[in-house]
Amino acid sequence: MVITGSALFIEPGSYETVLERLREFPQVTYRVASDSQTELVINLEAENQGELEDLCGRLKKAIPEIVDITHLYVNFEEEVEKMLES
Numbered sequence: 001m002v003i004t005g006s007a008l009f010i011e012p013g014s015y016e017t018v019l020e021r022l023r024e025f026p027q028v029t030y031r032v033a034s035d036s037q038t039e040l041v042i043n044l045e046a047e048n049q050g051e052l053e054d055l056c057g058r059l060k061k062a063i064p065e066i067v068d069i070t071h072l073y074v075n076f077e078e079e080v081e082k083m084l085e086s
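Numbering (UniProt numbering), first residue to last: 1 to 86.
Here you go:
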């Protein structure tokens with residue numbers, strides 16, 4: 001499992017629309033927004049790095065108001081453990 005703390009940079013004035021569309025993605029947990037409501041902090045959950053990249057692509061495609069997604073931290077401890085067990 002890969003879990004991130006990520007920043008979503010969104011177009012001004014799109015906060016409510018983006019929040020509504022994020023609810024369609026069970027792998028996304030909304031945390032907080034900046035005062036300007038153009039940066040959102042979210043958690044993303046994926047089974048592996050490839051699925052995380054796919055999820056980010058699907059988010060950008062489904063929510064065109066997303067300007068960029070930046071991962072602030074990535075916890076992939078379980079992935080490392082799996083590799084060490086192999």
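Note that beta-carbon positions come from the ideal geometry of N, C-alpha and C, so glycine has one too. Note that the structure is predicted; figures quoted are calculated from it, not measured.
Suppose you measure from the CA of Leu-40 to the CA of Cys-56; what does that come to, to the nearest Å? 14 Å
For Gln-27 and Pro-12, I'd like the C-alpha separation in whole angstroms. 24 Å
Every unbroken alpha helix (DSSP H) within the stretch 7-45, with a cutoff of 4 residues, ordered by chain: 15-22
On a Cα-Cα basis, can you pick out the residue from Thr-4, Val-18, Glu-85 that is closest to Ala-33? Val-18
Can you tell me where the beta strand (DSSP E) holding Ile-69 begins and where it ends? 66-75
Considering only C-alpha positions, which residue in the set Glu-20, Met-1, Gly-5 is nearest to Ala-62? Glu-20
CA-to-CA distance, Met-1 to Leu-22, given in whole angstroms: 20 Å
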